[in-house]
Amino acid sequence: MPKTTPVVFSIVSFPAKVGFIKSFEHSGNNLVGTSNFVESRHFIRLLTAILPQTKTAAIFRRKNEPNSAIQKNQLARLLTEKGICFIDLPGESAEELSSKAIQYADRTDIFIGMSMK
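Take 1 as the starting number for the sequence shown in full-length UniProt numbering and just add one per residue.
And the structure:
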C-alpha cells in the first residue's frame with residue numbers, strides 16, 4: 001500500500017500518546033481517525049453527584065493496553081483529589097475480571113470499566 005493512502009483508525013482513546021500519530025493537527029504519517037475519549041472529569045462529576053458517599057472505586061481495565069493505562073492514571077488522580085480511594089484491577093479476560101469482581105465486591109462502592117473488548 002502506498003504511504004500516501006490514508007489508513008483510518010477508530011476506537012483509540014489516545015492515538016498520539018500511544019504513538020499512532022504525532023498529533024491530531026499533523027499526524028506525521030498516513031493515519032487518520034477519531035478519538036473515543038471522554039474526559040474523566042465528566043465521569044467524576046457525575047459519580048460524586050449520584051453517589052456522593054463513594055469512598056472506594058475499583059477500576060477494571062485491560063492489562064498491558066496503553067489506552068487503558070493512560071485512562072486509569074487520569075481517573076486515579078481525579079479520584080484521589082476527591083478523597084476516593086481506588087483499586088486497580090487489570091485483567092486479560094472476562095472470566096478473570098468476573099472473578100476479581102466477586103473477590104472485591106465487599107471492598108468497593110463502585111466498579112468502573114474501561115477499554116475492554
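Every residue gets a Cβ at the ideal spot worked out from N, C-alpha and C, and that includes glycine.
These numbers come from a predicted model, not from an experiment.
Cβ neighbours of residue i in the same chain (closer than 6 angstroms, five flanking residues each side left out)
{"i": "Leu-79", "result": "Ala-57, Phe-86"}
{"i": "Gly-113", "result": "Phe-60"}
DSSP-derived helix/strand/coil call for residue i
{"i": "Thr-4", "result": "coil"}
{"i": "Ala-49", "result": "helix"}
{"i": "Pro-15", "result": "coil"}
{"i": "Phe-20", "result": "coil"}
{"i": "Phe-37", "result": "coil"}
{"i": "Ile-87", "result": "strand"}
{"i": "Asn-64", "result": "coil"}
{"i": "Thr-80", "result": "helix"}
{"i": "Glu-95", "result": "helix"}
Local Cβ density within 10 Å of residue i, reported as buried at 16 or more and exposed below that
{"i": "Thr-4", "result": "exposed"}
{"i": "Gln-53", "result": "exposed"}
{"i": "Arg-61", "result": "buried"}
{"i": "Leu-46", "result": "exposed"}
{"i": "Gln-71", "result": "buried"}
{"i": "Ile-84", "result": "buried"}
Neighbourhood of residue i by C-beta distance below 8 angstroms, restricted to the same chain and skipping five residues each side
{"i": "Ala-16", "result": "Lys-22, Ser-23, Phe-24"}
{"i": "Asp-109", "result": "Leu-51, Gln-53, Thr-54, Lys-55, Thr-56, Ala-57"}
{"i": "Asn-36", "result": "Ser-10, Ile-11, Val-12, Ser-13"}
{"i": "Ala-76", "result": "Ile-59, Phe-86, Asp-88"}
One or two residues paired with residue i in a DSSP bridge
{"i": "Ile-112", "result": "Ile-59"}
{"i": "Leu-31", "result": "Val-7"}
7 angstroms Cβ shell around residue i - same chain, five flanking residues per side excluded
{"i": "residue 186", "result": "Outside the displayed range of the chain (1 to 117) lies residue 186, so it cannot be described from this structure."}
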